Amino acid sequence: METNAFPESHSGCQDNGVSDKLKTAASAARRRLLDERNSRLFWEGELATSALSTATAISTLGLLYKHYPKHNEGLPKRDELLPIIANGCNWLVSNQNEDGGWGDTVLSYSNIATTILSIAAIKLAGKENEYVEAIETATAYVDKQGWVDGLKARYGKDKTFAVPILTNAALAGLVSWSVVASLPFELACFPQSFYRFLQLPVVSYAIPALVGIGQAKFFHQKPWNPISRIVRSLTVNRSLRVLEQMQPASGGYLEAIPLTSFVAMSLISTGRAKHPVSKNAVRFLVETVRSDGSWPIDTNLATWNTSLAVNALHQHQTDTADLGVTDWLLSCQNITRHPFTGADPGGWGWSDLTGAVPDCDDTPAAILALDSIRQSPSFEPQDLPRIRDAAMNGIRWMINLQNRDRGWPTFCRGWGKLPFDRSGADLSAHVLRALKAWEKELVSDKGVFADDSTGFERVVQQGFQYLDEQQNADGSWYPLWFGNQDHPQEENPVYGTSKVLLAYIMWGHSSAPAANRGFQWLVTNQNDDGGWGSGVAHQRLANGKILNKRDGSSVEETALALETLMHSPDPTHQAEAVEKGLAWLIDRVETGRYVDCSPIGFYFAKLWYHERLYPLIFTVSALGTALSRANNSAANPISATDIQ
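Position in the sequence shown (first residue = 1) + 657 = the working numbering.
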């Protein structure tokens, strides 16, 4: 491994090696992160309230109220729906943007999708006469965007979200059923292993929507082709059984409010409110509504948050084995074939809840967290076999997911090229970091690559070839699951570049041409205020509405870029950028603004979210790195343990 000097100027260091400001800020952030654990010792976090989720949930419950069945066992009483619907509509109208539209979160710009869904929700709730002004201004916003044409412009050929939105709009009488594309729900009757060969018009995780929305279109407007009509009539019940098999115990598909709502509203609108899928979905919606009447985009990201928190605390040399989270993290590993994607055992999802699905970002995060835990002073050697077995099973799962383009996708190997089904640079870099952390075990007698070190080297080499090919001409990388609202393509090159460079660093490739270009891009794209990216300042006006203003850099992006540059192979060249970045971040801690969120997360189909713990976790990791580099000697070598 190469060496990495960390001059005193990087952290404003004094003669004692670490400045008082850095120590104080790092200690405060670390203490707050530790305090964020819930009673069960893990980090549940809190996802942003979502206008989009709230709208789809209201539409579903509004339709249930309208189509309430006579035999209602397993459903909430009809009158119990009214206050939930009313509170949800009130929340929506209170959080409408000044331009008349709605964004995915209260920190998001307005967009056509969420605005159409919000209009539909108010109408299906029977509240349009109560909120006349809100409907008028929202309709004017959508008119400017172009309704169907506006949705096509936003989503292109991907029908994963455009068709459900139009279905919701058709149910509310906003558009004709003729503009709603027919989805071939009969294809869901094929074995899961066939899905990637069927050229489905939706991404891998949207099979429930394919069935639910496809059937809604079928029942509300039968196809003119008699053969299609017959085939679909014959596969209605069988595809419904697929929905039942895929629905988790919680009732929420992927723990996602929008996806679950789209499925439920489709069945309810076609007279099947008493079907088990509908009942379980409604139960999920009622259980996940928040006290202010809103819904989040998903229940929680507990596994992801916990893995990130453990790895961040590792940078502070915290005894992560002493946190008591090991058993919980191991319990989150998928040990059976997953009913939703058909994924083999071994992976981790984003949550400990039943609706989560194993994926290739949460899995390497958990594997790195296990590596952090096993390095802790209080780690018990007798726990090593089960830790190692879990890591090996997770890595085996990831290896089997590698695509032909040599990168790693999110859920399913070789599914397609639609957004979020393709390989991702951030995912691939995360996998490579996990492989490095467990390299010795992987090529040992009992490892995944036992007696095949050449095979292991080939996988790693292919991974870096993929990363080299994915680098943009300017030296940056785009991530798959994170974005920036102010970027022309809504991409987040700060996040993507930082995450990819950490893999180059961990493998000792910091001086590679691609890495050099990446480091240079980060330095060049530092903001004048010392941070990176863009943040959101918001204030509630006297009328209760939210006014968004862009305000310089974001905590999340600054912390990530800063941590990456502190591992730069050329610290002298990066010293000024790091010094300015640290000053910016320390100031945010001192003024309490380091917990301010920005909507940098992409959920499914470009739905924006922010997570309350992201800025805190990323800050803890960056400041821990600063402490570590300042305390170590100028020629201290970088090891895999430095960069979890």
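Quick reminder that beta carbons are idealized off the backbone N, C-alpha and C, glycines included. Every value quoted in this text rests on a predicted model; they were computed, and no experiment measured them.
- In this structure, residue 720 lies away from residue 823, with their beta-carbon atoms at least 9 Å apart.
- With a beta-carbon spacing of about 7 Å, residue 900 and residue 920 fall inside the 8 Å limit used to define contacts.
- Note that the stretch 1109-1128 does not touch the stretch 1036-1050; fewer than 3 beta-carbon pairs, one per stretch, sit closer than 8 Å.
- For residue 725, the three-state secondary structure derived from DSSP is coil.
- Beta-bridge partners of residue 1260 (DSSP): 1264.
- With a cut-off of 8 Å on Cβ pairs, the stretch 960-968 is not in contact with the stretch 865-884, counting fewer than three such pairs.
- Listed in chain order, the alpha helix (DSSP H) elements of length 4 or more contained wholly in the stretch 1120-1203 are 1150-1163, 1170-1181.
- For residue 704, the secondary structure class from DSSP, reduced to helix, strand or coil, is strand.
- In the three-state reduction of the DSSP assignment, residue 955 falls in the strand class.
- Contact between residue 1210 and residue 1241 holds: their C-beta atoms lie close to 7 Å from each other, under 8 Å.
- For residue 912, no alpha helix (DSSP H) encloses it, and the DSSP letter there is neither H nor E.
- Between residue 714 and residue 942, the gap from beta carbon to beta carbon is short of 9 Å.
- Residue pairing by DSSP places residue 1081 opposite 1065 in a beta bridge.
- Counting along the chain, residue 862 sits inside no alpha helix (DSSP H), nor does DSSP assign it H or E at all.
- Looking at the DSSP output, residue 768 shares a beta bridge with 759.
- If you draw a straight line from the Cα of residue 708 to the Cα of residue 1105, it is about 45 Å long.
- In this structure, residue 1003 and residue 1045 do not form a Cβ contact; the two beta carbons are roughly 13 Å apart against a cut-off of 8 Å.
- For residue 1046, the uninterrupted alpha helix (DSSP H) run begins and ends at 1041-1056, by DSSP.
- Contact check for residue 813 against residue 780 fails: the beta carbons are separated by 9 Å or more.
- C-alpha of residue 755 to C-alpha of residue 766: approximately 10 Å in a straight line.
- In the structure shown, the three-state DSSP call for residue 990 is strand.
- Non-local beta-carbon contacts of residue 784 in its own chain, meaning distances under 6 Å to residues more than five positions away in sequence, involve 746 in chain order.
- The beta carbon of residue 886 is closer than 8 Å to those of 879, 880 in its chain, skipping five residues each way along the sequence.
- In the three-state DSSP reduction, residue 1029 falls in the helix class (H, G or I).
- Taking 9 Å as the cut-off, the Cβ atoms of residue 1029 and residue 967 count as close.
- Counting along the chain, no alpha helix (DSSP H) covers residue 907, and no H or E run does either.
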